[in-house]
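Note that our numbering has the sequence shown beginning at 836, numbered continuously upward.
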Amino acid sequence: MSSSCGQGSKDIYRKETTVVGSFGIANAFGLYDMHGNVFEWCADHWHENYEGAPTDGSAWIEPVSDNHNGDRLMRGGTWIGSKDICRCAYRLGNWSRHLGFHIGFRVVS
Numbered sequence: 836m837s838s839s840c841g842q843g844s845k846d847i848y849r850k851e852t853t854v855v856g857s858f859g860i861a862n863a864f865g866l867y868d869m870h871g872n873v874f875e876w877c878a879d880h881w882h883e884n885y886e887g888a889p890t891d892g893s894a895w896i897e898p899v900s901d902n903h904n905g906d907r908l909m910r911g912g913t914w915i916g917s918k919d920i921c922r923c924a925y926r927l928g929n930w931s932r933h934l935g936f937h938i939g940f941r942v943v944s
């Protein structure tokens, strides 16, 4: 099976995660595979939009309250999802204890 996103080239549906860097293309920050391998947990709490978000690059964390339940932000899509969500700008809020073979995290320094 093969698929493509928009006018992009067709590729093989691998039915599993791949080793980071296996496609040989990094973004401008030198990071590989920023979308399409697994959803990646972010330090930020989930918010519907960016209104009130920090502008200094810090994580957007708020105490649990009636207005905020502590859900965390995930990004990047996953190999098991549709190509519509397989992009680094895709955002998803989820319970922070949610586990799955399609969810991971990235350690950067």
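Just so you know, even glycine gets a beta-carbon here, dropped at the ideal spot from N, CA and C.
In this structure, Asp879 is the residue among Asp879, Arg910, Met909 with its C-alpha nearest to the C-alpha of Glu897.
Of the residues assessed, Phe936 falls on the exposed side of the cut-off, its CB having fewer than 16 other CB atoms within 10 angstroms. For Ile915, the secondary structure class from DSSP, reduced to helix, strand or coil, is coil.
The beta carbon of Met869 is closer than 7 Å to those of Asn862, Gly911, Cys923 in its chain, skipping five residues each way along the sequence.
In the structure shown, Ile847 falls within a strand segment according to DSSP collapsed to helix, strand and coil.
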